[in-house]
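According to full-length UniProt numbering, the sequence shown is numbered sequentially starting from 1.
Ideal Cβ positions, reconstructed from N, Cα and C, are used throughout, including at glycine.
Reviewing the structure listed below.
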Amino acid sequence: MAQTFETVGVVGLGTMGAGIAEVFARSGRRVIGVEADDAALERGRGHLERSTGKAVAKGKLTEDAQREILGRVTLTTSREDLADADLVIEAIPEIMEFKRGLFADLDRICKPSAVLATNTSSLSVTAIAAGTSRPGQVIGMHFFNPAPVMKLVEVVHTVVTDDGLADDVAALARSLGKTPITAGDRAGFVVNRLLLGYLNHACALLESGVAGRDDIDAAMKLGVGLPMGPFTLLDLIGLDTSYEVCEVLFRETRDRRHAPAPVLRELVTAGLLGRKTGRGFYSYGEAAPAAPK
Ligand code: 3HC
1 MAQTFETVGV
11 VGLGTMGAGI
21 AEVFARSGRR
31 VIGVEADDAA
41 LERGRGHLER
51 STGKAVAKGK
61 LTEDAQREIL
71 GRVTLTTSRE
81 DLADADLVIE
91 AIPEIMEFKR
101 GLFADLDRIC
111 KPSAVLATNT
121 SSLSVTAIAA
131 GTSRPGQVIG
141 MHFFNPAPVM
151 KLVEVVHTVV
161 TDDGLADDVA
171 ALARSLGKTP
181 ITAGDRAGFV
191 VNRLLLGYLN
201 HACALLESGV
211 AGRDDIDAAM
221 KLGVGLPMGP
231 FTLLDLIGLD
241 TSYEVCEVLF
251 RETRDRRHAP
261 APVLRELVTA
271 GLLGRKTGRG
281 FYSYGEAAPA
291 APK
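Rendered as structure tokens:
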């Protein structure tokens, strides 16, 4: 019988992790959200409250239902609280050393039957799995931003993933209202392998002076029917994440389409990471106008 994963841990409550926690809590599951310190935990709580609050304001969720969803989420700074989780999903920054350290901890803390999943955008699931004593129970479960809205989950299996686990995780994704696809463990899987080359190419086009930011965005939105132009989407994904994914893809494929565009590096170095910092290619809220147009 397929595993149902009643108690789910989410480690890292940034944009993606908080969205993933919301998705699981909305499905009726108990969620344990873990962050490194109290400040990060409060930011995660803020994400959850704002996101479900928006749904209440739009009349898509009652206040009671919001309370129930939030009541299913326990927030903690202690990884040890994941001991009873059936599934833990990691959504921490894309740095292999951090991920390996976390998975070593999860391997020690979580019960032997627990499945350990990574929401990595581009890093090797196999390398993460190999650092644990249960590589057969480690899998990629890759959500898309904003996680409560985007319907796709990439289920990433490795050569050592236990038979049947990818099917169980795909069934889990369906129970969350998502559509799963399965992919092998190759950098960027399917979506990022195709998407980041395009987004990076848009940065190169901007730098070459062929057209400005607003015109390139309008071109792809109105001429191709995409919901967002490339710079709006880069700001949504986060320029740091986009840069890191490009770097990994370039390293793995040596395909120059993925060599991060200088403007991306410049904005990341300046700390202008997109929506999450209030400024990236565009400015959000009160901040000064973003460069470059
Ligand atoms: N959290 C929760 N819900 C959100 C949200 C968020 N951050 N942003 C938007 N929504 C909800 C809105 O509340 C609204 O819900 P409703 O239909 O129930 O009222 C719905 O989404 C539509 O939102 P809006 O009307 O405000 O705006 P849009 O119609 O413009 O849609 C969008 C916003 C869904 C973000 C749309 O522009 C879109 O699909 N953009 C492309 C996003 C995309 O490509 N994401 C993938 C990025 S790649 C990635 O994540 C991989 C990673 O590894 C890098």
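Going straight from the alpha carbon of residue 2 to that of residue 166, what length do you get? The C-alpha of residue 2 lies about 10 Å from the C-alpha of residue 166.
What's the call for residue 106, buried or exposed, on a 16-neighbour Cβ count within 10 Å? Looking at its Cβ environment, which holds 16 or more other Cβ atoms inside 10 Å, residue 106 is buried.
Inter-residue CB distance, residue 117 and residue 139 (contact presumed, cutoff 8 Å): Right, their Cβ atoms sit about 5 Å apart.
Secondary structure at residue 17, three-state DSSP: helix, strand or coil? Secondary structure of residue 17 (DSSP, three-state): helix.
What would DSSP say about residue 291, mapped onto helix, strand or coil? Because the pLDDT of residue 291 is 47, which lies under 50, any placement of that residue in the model is unreliable, and the number read from its coordinates should be weighed accordingly. Here residue 291 sits in coil by DSSP.
Give me the pocket residues for the ligand 3HC, defined as CB within less than 7 Å of any heavy atom, sorted by chain position. Taken from the N-terminal end onward, the list reads 19, 51, 54, 55, 58, 60, 121, 142, 144, 145, 146, 148, 149, 150, 191, 192, 195, 227, 228, 233, 236, 237, 241, 242 and 245.
Identity of the residue in 99, 121 and 152 nearest residue 131 by Cα: For residue 131, the nearest C-alpha among the options comes from 99.
Contact set for residue 36: own chain, Cβ-Cβ below 8 Å, skip 5 residues either direction: Hits under 8 Å: 77.
For residue 255, count the other beta carbons within 10 Å of its own beta carbon; 16 or more makes it buried, fewer makes it exposed. Which is it? Label assigned to residue 255: exposed.
Just to confirm, is the Cβ distance from residue 283 to residue 176 under 7 Å? At a Cβ-Cβ threshold of 7 Å, residue 283 and residue 176 do not count as neighbours.
Quick test of your reading: residue 91 and residue 17, contact by CB under 8 Å. State the CB separation rounded to the nearest angstrom. The C-beta separation of residue 91 from residue 17 comes to about 3 Å, placing the pair in contact by the 8 Å criterion.
Taking Cβ positions, are residue 356 and residue 73 nearer each other than 7 Å? There is simply no residue 356 to check, as the chain begins at 1 and stops at 293 in what is shown.
So for residue 48, helix, strand or coil by DSSP? In the three-state reduction of the DSSP assignment, residue 48 falls in the helix class, which pools H, G and I.
Integer-rounded CB distance, given that residue 125 should sit under 8 Å from residue 185: The pair is a contact, with the Cβ atoms about 5 Å apart (cut-off 8 Å).
Taking the continuous alpha helix (DSSP H) assigned at residue 96, which residues delimit it? Bounds of the alpha helix (DSSP H) holding residue 96 are 96-109.
Starting from the Cα of residue 257, find the closest Cα among 29, 196, 60 and 15 and give me that residue. Residue 196 is the option with its Cα nearest to residue 257.
Nearest-angstrom Cα separation, counted from residue 192 out to residue 217: A straight-line Cα-Cα distance of about 19 Å links residue 217 and residue 192.
What residues match up with residue 201 in a beta bridge as DSSP calls it? Answer is none; residue 201 lacks a bridge partner.
Mind checking residue 198: buried by the 16 CB within 10 Å criterion, or exposed? Looking at its Cβ environment, which holds fewer than 16 other Cβ atoms inside 10 Å, residue 198 is exposed.
Per DSSP, the bridge partner or partners of residue 141: For residue 141, which the question treats as bridged, DSSP gives the partners 155.
Look up residue 11 in the DSSP assignment and give the residues it is bridged to. Residue 11 is bridged to 34 and 90.
Per DSSP, residue 274 is paired with what? The partner list for residue 274 (beta bridge, DSSP) reads 279.
Is residue 261 helix, strand or coil when you go by DSSP? Assignment of residue 261 by DSSP, reduced to helix, strand and coil, places it in the coil class.
For residue 82 versus residue 41, is the C-beta distance shorter than 7 Å? No, the pair does not count as a contact, with Cβ atoms beyond the cut-off.
Over the uninterrupted alpha helix (DSSP H) stretch that includes residue 223, give me the two end residues. Bounds of the alpha helix (DSSP H) holding residue 223 are 213-224.
Report the three-state DSSP secondary structure of residue 53 (helix, strand or coil). Three-state DSSP puts residue 53 in a helix.
Can you tell me where the alpha helix (DSSP H) holding residue 71 begins and where it ends? According to the DSSP assignment, residue 71 belongs to the alpha helix (DSSP H) that extends over 63-71.
Looking at the secondary structure, which residues open and close the alpha helix (DSSP H) in which residue 360 lies? Residue 360 is absent from the structure shown; the chain starts at 1 and stops at 293.
Identified DSSP bridge partners for residue 116: Note: residue 116 sits in a beta bridge opposite 88 and 138.
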